[in-house]
Every structure is written in structure tokens, then in C-alpha cells.
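Enquirer: Submitted below is the structure of interest, expressed as C-alpha cells.
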Amino acid sequence: MSNEKNKGGRPQNGGRGGKNPAPKGNGDSGKKNPQNNRDKNKNAGGRDKNNGENRKDTYVYTLDGNLYINLTNKCSNGCSFCVRNERASYYGNYLWLRHGDPTAEKVIAAMNAMGDLSRFKEVVFCGFGEPTYKLAEMLVVADYAHSKGLSTRLNTNGQGNLINKRDIVPDLKGKIDLVNVSLNASSAEKYQPICRSMFGENGFAALVEFARLCKRNGVGCRFSVVDCVGEEEVAACKRVAEGVGVPLYVRKYITDS
Ligand code: SF4
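Position one of the sequence shown corresponds to residue 342 (my numbering), numbered consecutively onward.
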């Protein structure tokens, strides 16, 4: 998830439960070393925060009346504020996948195990990782959600085209009703020290372009930022969003998850 510390956001601390919001400006020490970050970013397997408890992996969880899908722990960022840096759970949901990424079939089975799906507002792809690493699985699950009358949202760091080494936006059309791109900062210089993309400062340019391509392809899209970055930075983010022609969703920072 790009879990921002805000309900319904990517589990950043600006959306995933950490204690601190996205730092202003050059928040993290941000040693600008994408190679080192590359290792950090391979968050997939290494850290078992469930402390050996005999828990099943969580592929699906509920929050605010929505159904959230946890497809992977891989992420191209190593955000200093990511909730998973310090937590094994997000609103009580243990999102580290100890048995690997789920297949679409396993996710659909987990959805069906939730009972009547019509009680949910939305299916949101957002877990302890970047969902576009699992594009094929996400699209199958999105089709299933639509077949059940549910709308779909992707919460992403916007680097899916770099991750997949191609333009994936056309694939999203008709599958994802709303793409929420975590903007987090108003420029590459401010973004990279905080979000530490494995693609270096190209990560920010890529996410802005991702939103632009969504707009061009008729895929619903918005940027998001957490209000704790400060009014000035929110205003600067608004200008970025206006330049692309998509709305900016300013989320409230939530202190507890
Ligand atoms: S982009 Fe990745 S590292 Fe950043 S908050 Fe989201 S899941 Fe965490």
C-alpha cells in the first residue's frame, strides 16, 4: 500500500501508521544512494514481524466500509514515513506476507470468505507494498469486483510504468475506476529524500507522468497528499496537480492505526 498515515490511503505514515508524518522538505536524511535503497526497497520477504505467530497471510481486509486488497510486499520506494517500517499491522490487519504474494484466485477466495460483498463501497488495491508489481493479478481481481457491482480504486506510488518497463495505463482502463497517486511532495528534490525511490529522482517524474497518462486515457485519477506537509507545500502540490489536470485530495493525518 502506499500506506499513508491516513485512513484509506496507502499505508504510509503519511498514510500507514507511523508516528511521523511525511517530513517537510528534506525530511529523511535521504542519503541519495538509490543502489542502497534498492536493497531496502526489497521489502518483500526479509522481515517477519509476525513474530512466529501462526497467522494466515492477510490478502483482504476491511476499513471504513471498503474492502482492501494486499497483493504484495514489494515496493519501489522506501518511504521514511511508511507505516510498515515500524508496524506489523495496520488497523489490526497483519499485512506482511510470509507465504509469498497471493494469486488472483486466492484473493478472490478471501473476498468471498468475507460474506456478502454488496455491503462494501469500494475495492481498494492497497497493502504493505505497491500493487502495480502484481498488475495481472490486480486486473483479474478488479474484474471480479466489478462483476459483484463494486467500484475499484488503486492506491499507488505512480511508478508502475517504471516497475513494469512499459506503459500500463491502457491496461487500467475499464478495470480501475479511480487511480490515487500519492504525490507526497511538490518536486523531485523534495520527494526523493522522503520516498527514496529505487529509480532515483526519475521516480517523481514518472508518477507525474503516470497521472498525466491516466487523464489522457480517460482513467479516473487524482493525486493525494497528507495535510501535515504544511499549507505552503499543499499549495505547491495543488499547482502540480493543476498542471496535470487532475484533482488533489488532501488527506488528514491520522495519528493512530
Ligand atoms: S510507496 Fe511503498 S514504501 Fe512508500 S508508503 Fe507506500 S508502500 Fe510504503
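In this text, a Cβ means the ideal position worked out from N, Cα and C, and glycines have one as well. This structure is a prediction, so every number in the text was calculated from the model and none was measured.
Per the contact definition of three or more C-beta pairs closer than 8 Å, is the region 399–413 in contact with the region 516–530?
Expert: Verdict: no, contact absent.
Enquirer: Under DSSP, the beta strand (DSSP E) around L408 begins and ends at which residues?
Expert: Here the beta strand (DSSP E) through L408 covers N407 to I410.
Enquirer: Following the continuous beta strand (DSSP E) through N521, name the residue where it begins and the one where it ends.
Expert: From DSSP, the beta strand (DSSP E) with N521 extends over L519 to S523.
Enquirer: Could you give the distance in angstroms between the alpha-carbon of L556 and the alpha-carbon of N395?
Expert: Reading off the sequence shown, one finds Lys at residue 556, where the question assumed Leu. Cα-Cα distance, rounded: 44 Å.
Enquirer: Quick check on T473: does DSSP put it in helix, strand or coil?
Expert: Helix.
Enquirer: One question on the structure: do F461 and L491 come within less than 8 Å of each other, judged by their Cβ atoms?
Expert: Yes, they are a contact pair.
Enquirer: Flag this pair as yes or no: are the beta carbons of F551 and L589 separated by less than 8 Å?
Expert: Cβ distance not < 8 Å, so F551 and L589 don't count as in contact.
Enquirer: Given a threshold of 16 other Cβ atoms within 10 Å of its Cβ, counted over all protein chains shown, does E471 qualify as buried or as exposed?
Expert: Flag for E471 reads buried.
Enquirer: Can you tell me whether C423 is helix, strand or coil according to DSSP?
Expert: Three-state result, C423: strand.
Enquirer: Ligand 1 and C536: does any heavy atom of the ligand fall closer than 7 Å to the residue's C-beta?
Expert: Yes; taking the cut-off as 7 Å, the Cβ of C536 has a heavy atom of ligand 1 nearer than that.
Enquirer: Look at the alpha carbon of R428 and the alpha carbon of L458, and state the distance between them as a whole number of angstroms.
Expert: The straight-line gap from Cα to Cα measures roughly 28 Å.
Enquirer: Are the CB atoms of M481 and I410 nearer to each other than 8 Å?
Expert: Note that residue 481 is Val in the sequence shown, not Met. No, Cβ-Cβ distance for V481 and I410 is not below 8 Å.
Enquirer: Can you tell me which of the three DSSP states N418 falls into?
Expert: Correct three-state label for N418: coil.
Enquirer: Enumerated in chain order, which unbroken segments of the alpha helix (DSSP H) with a length of 4 residues or greater are wholly contained in the region 503–575?
Expert: Entirely contained in the region 503–575, the alpha helix (DSSP H) runs reaching 4 residues are, in chain order, 510–513, 529–536 and 543–558.
Enquirer: Excluding the five sequence neighbours on either side, which residues of its own chain have a C-beta within less than 7 Å of the C-beta of V575, listed in chain order?
Expert: If we look at V575 and ignore the five residues flanking it on each side, its Cβ neighbours are V566, D568 and V591.
Enquirer: Starting from V591 and walking both ways along the beta strand (DSSP E), at which residues does that stretch end?
Expert: Start and end: L589 to R592.
Enquirer: If you reduce the DSSP assignment to three classes, tell me which class A582 lands in.
Expert: Helix at A582.
Enquirer: Return the Cβ separation of G499 and V522 in integer angstroms, given the expectation that the two are a contact with Cβ distance under 8 Å.
Expert: That belief holds up - the Cβ atoms of G499 and V522 are roughly 4 Å apart, short of 8 Å.
Enquirer: What do you reckon, is the C-beta of R428 under 7 Å from a heavy atom of ligand 1?
Expert: Flag unset: Cβ of R428 not near ligand 1.
Enquirer: Considering Cα atoms alone, identify which of E572, T413 and L408 is closest to E478.
Expert: It is T413.
Enquirer: Using the C-alpha atoms, what's the distance from C536 back to I509?
Expert: Their backbone Cα atoms lie some 22 Å apart in a straight line.
Enquirer: When we look at the beta-carbon of S488 and count the other beta-carbons within 10 Å, is it buried (16 or more) or exposed?
Expert: Counting Cβ neighbours within 10 Å, S488 comes out exposed, since fewer than 16 surround it.
Enquirer: Contact defined as beta carbons within less than 8 Å: I believe C578 pairs with S538. What is the distance between those atoms, to the nearest angstrom?
Expert: Wrong, their Cβ atoms sit about 17 Å apart, outside the cutoff.
Enquirer: Is V581 closer than 8 Å to R553 when the C-beta atoms are compared?
Expert: Their beta carbons are not under 8 Å apart, which means R553 does not touch V581 by this criterion.
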